Amino acid sequence: MDERGKINWAPVLIVWVVVAAVFGIRTVLQYHDLPLIGGGDDAARIVTAKDLLNGQNWFDLVQHRDDAPFGTLMHWSRLIDAPIAALMAIFGPIFGLPVAADIAATIWPLLLLLPLLMLETAIARRLMPAVDLLPAAVLPVISLGIVDEFRPGRVDHHNAQIVLCLVALCAFIVARDKWRGALAAGLALATSLAIGLETLPFVVVAIALMSLYWVFEPERFRLPLIAFAGALFLGSVAHFFAATAPSRYFELSCDMLGTPYLLVLGTSALAMSLSALLATRIGNVLLRLAIIGAAGVAGVALWVALYPKCLGGPYVFVDPRIVAAMYGDIAEAQGIWRAIAVDPAGGIALTIAALAMLPLTAWLAWKTRGEQRIGWLTILAFLAFADMVMVTQMRGVKFAAAFAVPAGVYLISAARVFYLKRRDFAGIAALVGSWLLFASGAQAVLIGGPLAQVLPPIEAPTGLVAQTIIGSECLEPPYLDKLATLPPGIVMAPIRLGPLIMHLTPHSIVSAGFHRNNDGTLDVMAFYPGTDAERLAIIAKRHIDYVVSCGMSLEGSYLEPLSLPGEALQIYRVRPA
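Residue 1170 is where the sequence shown ends in the working numbering, and the numbering goes up by one at each step.
Okay, here's the thing in structure tokens:
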């Protein structure tokens, strides 16, 4: 048994090496049979990283091959593009850029997996000094909600954000009363916001927690509160100036770190800092709470008054027609109940552990005392908010699953003690069941399969909706080989094919489905069910060279078929007017 506070990192490294090796070998063996990158966001991330490597200006966030020929101003962070582009630069001279892109897409998420396992282990050791730490390293790799974000090909930004949120959570648990710990938490959360606004709920949680630490122990947390506030705000400001062209400093952006969010972060930091400097010696707890709370409310009210549009969320500027047609079929934007109804096995496997660990975490916060109680309360706050996000939008599941691991470690430890005392069927069932709660594959078979038999099926979109948005039969890269050999041009294609066309071919597309590209998405939605006159107008406006359909033929004297009858992907060259 390790002494209190000491961690034997060897098991963590062994787990990481084994998982990385399994993923790596599987990727090599399936390289020519299954697509490494099948998701739209992952494909588009590789495209933006390639653009950066090929000389696109750091401040130029326009994706020039989307919404062709006009381009789409993206809201994505170069903080993720840069390391992927660096890996491409390392392997490109040896293997060529296409293979180097796949190598980078394999290595990057696996590199992030190691700090994830280390952070989960460090949190577990601090909260439970006497338990076996192996489950802290194993649970994340058997939980689908976590490990799916760290498999090869997952180069979108969520895995980095999970790690940064765990850095903040670990800092809050290990060194929340030290200014260095508070500083680390603030910088980690500022960086997570610069990558994407998905972590905004956890920034709010962190602000509330640090403020409450100070309210109840003002002398102890005076300096940490100031350090946290300064790191969060100044770190966000630094990220903003490091990523934003001067011409866009005062742009109204509700979907990325910009002036609206800098204002609310600045007022929150000011409220926390002034409270720590001026109200620490006030003896009444309720008065301190009222002071810092009132200052925070005033800052939020100012933000609402100046930027009321952003109350509608990051998608406030998306055309309502696009929301109605597309957003109900985006998996991560669905609520938990629809996700389970659509895919019982996957929905159960993703959510059951995060939901089950919430009451257990609450019980542990009630049961423990002193610093351990504060630690469990901190995890409870992060997990509760993540679960609330997950109930309304499945994008929260990846964070909820990561925050649920500490309670899972406790549960397995308690089940092991129970088994060693009894050594009977009940003990075996308890131990196996505690592991199965996180074993997503087993849950999908044991629970999701039978559940799928009793739930009424939800039909997938068909006809023109499927053709415009999904194109599911055509998502495999081999179907794009013929398209890739054609001279570069602008392609009208189903929306979910858009990112893959940019990634696997030299062509530009009308829409990859990103929420800032209203015009391109509306043109795709109008093209496939449109009349010849409507189609020709779009072709002329965008100088379209090729048209792609999936699973259906298109008619028109202006279209020259390039595919054989019966091929899933039908490619047409636009005849000159």
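Beta carbons: idealized from backbone N, C-alpha and C, even for Gly. A quick note: this is a predicted structure, and the numbers were derived from the prediction, not measured.
Shown here, R658 sits in coil according to DSSP, grouped into three states, outside any helix or strand. Assigned with DSSP and collapsed to three states, V909 falls in coil, not helix or strand. Under the 8 Å Cβ criterion, the segment 1119–1132 does not count as touching the segment 662–674, having fewer than three qualifying pairs. T1078 has no beta-bridge partner at all, per DSSP.
Its Cα nearest to that of P952, the residue F996 stands out among K991, F996, S736. Within the segment 805–878, no run of beta strand (DSSP E) at least 3 residues long lies entirely inside it. Under the three-state reduction of DSSP output, T665 falls in the strand class.
Annotated three-state conformation of E1153 is strand, per DSSP. Nearest in C-alpha terms to T860, of all of A693, V797, T837, R815, is V797. According to the DSSP assignment, L1162 belongs to no alpha helix (DSSP H) but to the beta strand (DSSP E) extending over 1162–1167. 8 Å or more divides the Cβ of P853 from the Cβ of Y908. S736 carries a coil assignment under DSSP once its states are collapsed to helix, strand and coil. Runs of the beta strand (DSSP E) lying entirely within the segment 598–682, each at least 3 residues long, are absent. Of all C-beta pairs linking the segment 729–743 to the segment 990–1009, three or more are shorter than 8 Å, placing the two stretches in contact.
I755 is the residue among L1029, I755, L1079, P811 whose C-alpha sits nearest the C-alpha of P702. In the same chain as D980, and ignoring 5 residues on each side of it, the C-beta atoms closer than 8 Å to its own belong to A947, L948, L951, G989, A993, in chain order. Looking at the DSSP output, M1085 bridges to V1140.
Under DSSP, the beta-bridge partners assigned to I1102 are V1084. Short of 7 Å from the beta carbon of D634, and not among the five residues preceding or following it, lie these beta carbons of its own chain, in chain order: D749. Contact annotation: T620 and L629 have beta-carbon atoms nearer than 8 Å. Closest by C-alpha distance to L973, out of Q656, L957, A661, is L957. Here M1118 really is in contact with A918; their C-beta atoms are around 6 Å apart, less than 8 Å. Going by DSSP, F1031 is part of no alpha helix (DSSP H) at all; its letter is neither H nor E.
As the crow flies, the alpha-carbon of A764 is around 29 Å from that of W896.
In this structure, the straight-line span from the alpha carbon of G1001 to that of Q1163 is close to 49 Å. Here G1082 has H1100, D1138, Y1139 as same chain residues with Cβ atoms under 7 Å from its own Cβ, once five neighbours each way along the sequence are excluded. Per DSSP, the unbroken alpha helix (DSSP H) holding D980 starts and ends at 963–985.
Assignment of alpha helix (DSSP H) within the segment 682–768, counting only whole runs of 4 or more residues, yields 690–720, 727–735, 737–740, 751–768 in chain order.
For L720 against I766, the beta-carbon gap comes to about 7 Å, under 8 Å, which counts as contact. By the Cβ-count criterion, N877 is exposed, with fewer than 16 other Cβ atoms from all chains shown falling within 10 Å of its own Cβ.
Here P1122 carries a coil assignment [DSSP, helix/strand/coil]. CA-CA distance, P1087 to K643, rounds to 23 Å. Nearest Cα to L867 within the set R1166, L850, A887: A887. Taking one beta carbon from each stretch, the segment 1014–1032 and the segment 773–792 have fewer than 3 pairs nearer than 8 Å; the two do not touch.
Exposed is the label assigned to W959, since fewer than 16 other Cβ atoms lie within 10 Å of its Cβ. A straight line joining the alpha-carbon of V611 with that of R881 spans about 51 Å.
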